[in-house]
Every structure is written in structure tokens, then in C-alpha cells.
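Numbering (the working numbering), first residue to last: 868 to 1004.
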């Protein structure tokens, strides 16, 4: 009944059974038997094609799952690389932190010095103006 590929041969299953020798009154007409046999063959073919379609769907799903697994593995590797790079950047930032604090301190000193220079400049301009006014007298 099954051939080498494991498939069922519908022709063997649905072949017309040998007719028994009995009276003609109990046996259905030959054309009805042929039509029933043909209907069973067609139904079996239909079911086999439906099953083969389902098998193809499962093969497609299996392929999609394999591709998804490989993509997730790839994403896992990328995430690991990003995590390592982030950790390295954090370490570099930690190492630079004292220097950044020094830069902030120097910036504050420069701002204070700049304000003092503006005040000194304003004072020297007032002093110069006062000197010129005294010189004119």
C-alpha cells in the first residue's frame, strides 16, 4: 500500500474490489460502483493535496524559525558588542572625571578673573577721566 517515499497510493486503496458472484438484485449497478469509486479517489486526492499543502506550510514555518533564530543570535552579538563598548566608554569617562573637574574649576577662575579685569578696566577709565578733569583745572 505504501511506496518508497512513505506515501499512500490512493489507486491501490480505492481500486474496485473484486465482485462477488451473487444474484443481480443485491448488487448495485456497475455505473454507481464506478462513480462511488471515482468519488472516493477524487476525495483521497483532495485530502492528500490538502495535507501536502499543510506540510509545505510547516516547512515554510520551520525555515522562518531558523532565519529568526539566526537573526536573534546576530542581534544578541550586536547587543553584547554595544554593551562592551558602553562599559568601555563609562570607564573612560570615569578616568576623565578628575580632569573635567579641573577644567570646570579653571573655567570658574577664568570667569572670576574676567569679571575682575572688567571692573579694573572700568575703574581705570573712571580714574583716567578724573585725572583729565583735574588736569584741565
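All residues carry an ideal CB built from backbone N, CA and C; glycine is no exception.
Using only the heavy atoms of the ligand NAD, determine whether one of them is closer than 6 angstroms to the beta carbon of residue 933. This structure lacks the ligand NAD, and indeed carries no ligand of any kind.
On the three-state DSSP scale, how would you describe residue 893? coil
To the nearest angstrom, report how far apart residue 911 and residue 935 are at their CA atoms. If I take the Cα positions, the gap works out to 36 angstroms.
As an exercise, report each continuous alpha helix (DSSP H) stretch of at least 4 residues that is fully enclosed by the segment 907-951, in chain order. none
Span separating the alpha-carbon of residue 918 from that of residue 931: 20 angstroms
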